[in-house]
Amino acid sequence: MASIEMKNIVKKYGDGFPAVNDVSLDIDEGEFMILVGPSGCGKSTLLRMIVGLEDITSGDMVIGGTRVNDKAPRERNLSMVFQNYALYPHLTVFENIAFPLRLAKVDDGEVQRRVNEAADVLELHEHLERKPANLSGGQRQRVAMGRAIVRQAEAFLFDEPLSNLDAKLRGQMRTEISRLQRRLGITTVYVTHDQTEAMTLGDRVCVLRKGKIQQVASPRELYEQPVNLFVAGFIGSPPMNFLPAQLEGSRLTTPFGDIDLDERRAAAVAGRDLLLVGIRPEYFEDASLVDEAKRPLGSVFTARVDVTEWLGDSQFAYIPYEAPDEIRTQLRELSKELDSEELRTQAIVSIDATSRIREGRDAEFWLDSRKVHVFDPTTGDNLTRDADAGAELTRLAAEDRVEQVQSAEGEGISAA
Amino acid sequence: MSTKEKTWWGVAGVAIVLYALFPIAWIVSLSFKAPSALNNGNFLPGAPTWENYSLILTGGASDLFLPALRNSFGICLIATAISCLLAMFAAYAIARLDFPGKKFILGTALAVAIFPVISIVTPLFNLWRNIGLYDTWPGLIIPYLSLTLPISIWTMSAFFREIPWEMEQAAQVDGATTWQAFRKVIVPLAAPGVFTTAIIAFFIAWNDFVYGISLTSTEQARPVPAALGLFSGASQFEDPTGAIAAAAVIVTIPVIVLVLLFQRRIVAGLTNGAVKG
């Protein structure tokens, strides 16, 4: 187990294009770090530089206190799970898992013991004598993880390990990976473009965009206190709604009525004209279902609903709105960068599943204005970010992690 | 497919097989005929005899045939082994590494393969005589390499390209050196490809006539195809046709055995090279 430090890491390809640009990131011992971003953001390249499959153009990669820039992958003692698993088709499951041990010339009895141990953890016992070709996707995935955990590696690296599985299995394997990481308490770097994986697995999440780090924080901080439009739009599903707004004093005029800002936020945005307000879908509610006590904390507006989607436990309504051209192009560019194709300016709002709001009719909505963020439309910066509150969220997450690792160790001791 | 269509396919298939196998059947039949019956025009030998076989295996022609058989096996096996080994490394480099001149190597290999053998045989004959390679095993192995290497490199690089890069990277992360990754992961995965290539290369060398007849003069290195051309009858008025037919049957047997044993892999290998190469 080791910490991983990256100092000003740059990766330039032959044509001079920087796939990773000046990335500095510290990953603590035993921490679960997620690298996330849309395709082409450099997250996989960064992972491959950690493991040594990709050369580092400049900067320092320090693992467990030693600089490893010039070390071959085999000298770094890391284990990695590949996107397509990369199992050896000519070897049985047992030999696949034992492969790293065989290379290290571990004696037979020890190999037997450790492979069986790994097979216990991953419930692979009845498959040990089979070949990978005869296994299902989920089983192959487990074999790949078995090969990773069978030796005492300094860290685990995962490169989109779940993207080849179907949705149901993905959910199961996600919790499996989380449990495994906590149990082994080993430093883990996990690359994904799936933000559910990012939010549920990570102690901290590093959001990348075009080879640059946007924000490194706990999932909660990313969600509540995003640093800019990109992070705000990337984290959360359905995504945050961005509405154009005019500022008058401490009051924002939006297509969905006026929003009053508190003192701190009013001061932060003062002196600007055109702004973008970011509102999460769940800050909205069907006005008729809101508690009388809560009602004064937000504002009520009327809008025509385009489409509703009822999912049983929740319900989404789509409300189109008009936006000035410059905002429209800005939002379109953002959505393109986030790998989605947003054709119209519309807000997605989450309303109670019991709400009887109908498509094509006018309806009354309530908007909780306490947590809205205000962004500068030209730079994309979050003007109302509360850095202290964010840091507090990440600190709490770190405390949780320490506690979980300790309790896992305690269990391990009592079990032994 | 309807029954009618199936019947037609069957009929056409049988016709093609008959057409292709007829010359071989004729040779087999000839090999069992007595010299006097050679020109009687009957397909079936009236009175089958082992005379021709005993002539080439134990009789007067055995001095010519048996050393040639030994030469052919030895030379072809050595040429195949060397060419597979070299082609394996070359193909691995071509499939995996990015180095200047990669296209050039592949292009040259192809150019060598399409170069007519007959045009280089005369200069080679003079050169070999001057440096002492004439009528020796290496004197044939070297030109055979030039025949087998290009096709070996092409088929094998097609096989290597099909092995995902991640296999090797996974092995390296698991603690393997480049050589260990090659030996423990890539070679086992490429084994069918190496095998197919070896068989194809063996056939090419086995069937060669031009080099065999031009670069040898005694039984020291003369391969079977060349030896067959030098058979003579018991007297100058007698054709050695029966003996040649018997020898042809004997040299065809190893080829047929190889093909029957590995036919599925060869077919896969051939199409593989054709489509991906």
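Going line by line, the protein sequences match chains A and B. Residues in the first sequence are numbered consecutively from 1, following this note's numbering. Residues in the second sequence are numbered consecutively from 1001, following this note's numbering. C-beta: ideal position from N, C-alpha, C; glycine also.
Asked                                                                                                                                                                                         : Found
Return helix, strand or coil for E1005 of chain B, following the three-state DSSP convention.                                                                                                 : helix
Secondary structure at E285 of chain A, three-state DSSP: helix, strand or coil?                                                                                                              : strand
At least one CB of chain B closer than 8 Å to the CB of N84 of chain A: is that the case?                                                                                                     : yes
Are the C-beta of L103 of chain A and some C-beta of chain B separated by less than 8 Å?                                                                                                      : yes
Give the range of the beta strand (DSSP E) segment to which S299 of chain A is assigned.                                                                                                      : G298 to R304
Does M80 of chain A get closer than 8 Å to chain B when you measure Cβ to Cβ?                                                                                                                 : yes
Find the nearest neighbour of A104 of chain A within the set B:G1175, B:L1147 and B:W1165, judged by alpha-carbon distance.                                                                   : B:G1175
So what does L275 of chain A bridge to, in DSSP terms?                                                                                                                                        : A:A245
Compare the Cα-Cα distances from A1171 of chain B to each of B:R1161, B:E1162, B:F1160 and B:R1183 and report the closest residue.                                                            : B:R1183
Taking 8 Å as the CB-CB cut-off, is Q1220 of chain B touching chain A?                                                                                                                        : no
Quick one: what does DSSP say I1016 of chain B is sitting in, helix, strand or coil?                                                                                                          : helix
Between the Cα of G185 of chain A and those of A:E154, A:A72, A:Q195 and A:L383, spot the shortest distance and give me the residue it belongs to.                                            : A:E154
Which of the residues in the stretch 1151 to 1170 of chain B, read from start to end, lie with their CB under 8 Å from any CB of chain A?                                                     : P1164, E1166, M1167, Q1169 and A1170
Among the candidates A:Q225, A:D260, A:Q195 and A:P324, whose CA atom is the shortest distance from the CA of F234 of chain A?                                                                : A:Q195
Please classify H125 of chain A as buried or exposed, where buried requires at least 16 other C-beta atoms within 10 Å of its C-beta.                                                         : exposed
Rounded C-beta distance between R1161 of chain B and A1090 of chain B? I'm assuming under 8 Å.                                                                                                : That belief does not hold up - the Cβ atoms of R1161 of chain B and A1090 of chain B are roughly 13 Å apart, past 8 Å.
Per the DSSP calculation, V20 of chain A is bridged to which residue(s)?                                                                                                                      : A:K11
Under the rule that 16 or more other beta-carbon atoms within 10 Å means buried, what is K1033 of chain B, buried or exposed?                                                                 : buried
In this structure, how does DSSP classify Q315 of chain A when only helix, strand and coil are distinguished?                                                                                 : strand
If you drop the 5 nearest sequence neighbours on each side, which residues of the same chain put their C-beta closer than 7 Å to that of E1168 of chain B?                                    : A1181, V1185 and I1186
For A1284 of chain B, collect the residues of the same chain with a Cβ closer than 7 Å to its Cβ; drop the 5 residues on either side in sequence, then sort them by chain order.              : The structure shown does not extend to residue 1284 of chain B, since chain B spans only 1001 to 1277, so no value can be given for it.
Using a Cβ cut-off of 7 Å, which residues of the stretch 1181 to 1208 of chain B contact any Cβ in chain A, in chain order?                                                                   : V1185, P1188 and L1189
How do the stretch 1144 to 1155 of chain B and the stretch 1094 to 1114 of chain B stand: do at least 3 beta-carbon pairs fall below 8 Å, yes or no?                                          : yes
Can you check whether the C-beta of G1175 of chain B is within less than 8 Å of a C-beta belonging to chain A?                                                                                : yes
Can you pull the chain B neighbours of Y88 of chain A, defined as C-beta to C-beta under 9 Å?                                                                                                 : M1167, A1170, A1171, K1184, V1185, P1188 and L1189
Please name the residue, chosen from A:A133, A:V191, A:Q225 and A:D306, that lies closest to R358 of chain A on a Cα-to-Cα basis.                                                             : A:D306
Is the CB of N1272 of chain B under 8 Å away from at least one CB in chain A?                                                                                                                 : Because the pLDDT of N1272 of chain B is 44, which lies under 50, any placement of that residue in the model is unreliable, and the number read from its coordinates should be weighed accordingly. It does not: the Cβ of N1272 of chain B has no partner Cβ on chain A nearer than 8 Å.
Would you say the stretch 1193 to 1212 of chain B touches the stretch 109 to 122 of chain A, given that touching needs at least three Cβ pairs under 8 Å?                                     : no
Kindly indicate the opening and closing residues of the alpha helix (DSSP H) around K336 of chain A.                                                                                          : D325 to E337
Nearest CA to the CA of G298 of chain A: which residue from A:D15, A:I259 and A:G202?                                                                                                         : A:I259
Please check if any C-beta of chain B sits within less than 8 Å of the C-beta of V115 of chain A.                                                                                             : no
Distance check for I63 of chain A and V1275 of chain B, CA to CA, integer angstroms please.                                                                                                   : Legend: pLDDT at V1275 of chain B = 35, less than 50; position of this residue unreliable, value from coordinates given subsequently. Their backbone Cα atoms lie some 45 Å apart in a straight line.
Of the residues that make up the stretch 121 to 133 of chain A, which ones have a beta carbon closer than 8 Å to any beta carbon in chain B?                                                  : none
Please report whether the beta-carbon of V191 of chain A lies at a distance below 8 Å from any beta-carbon of chain B.                                                                        : no
Assess, as a yes-or-no matter, whether the stretch 3 to 13 of chain A is touched by the stretch 31 to 50 of chain A under the definition of 3 or more beta carbon pairs within less than 8 Å. : yes
Anything in chain B within Cβ reach of F94 of chain A, meaning under 7 Å, just list it in chain order.                                                                                        : Going along chain B, no residue has its Cβ under 7 Å from F94 of chain A, so there is no contact; the nearest lies around 15 Å.
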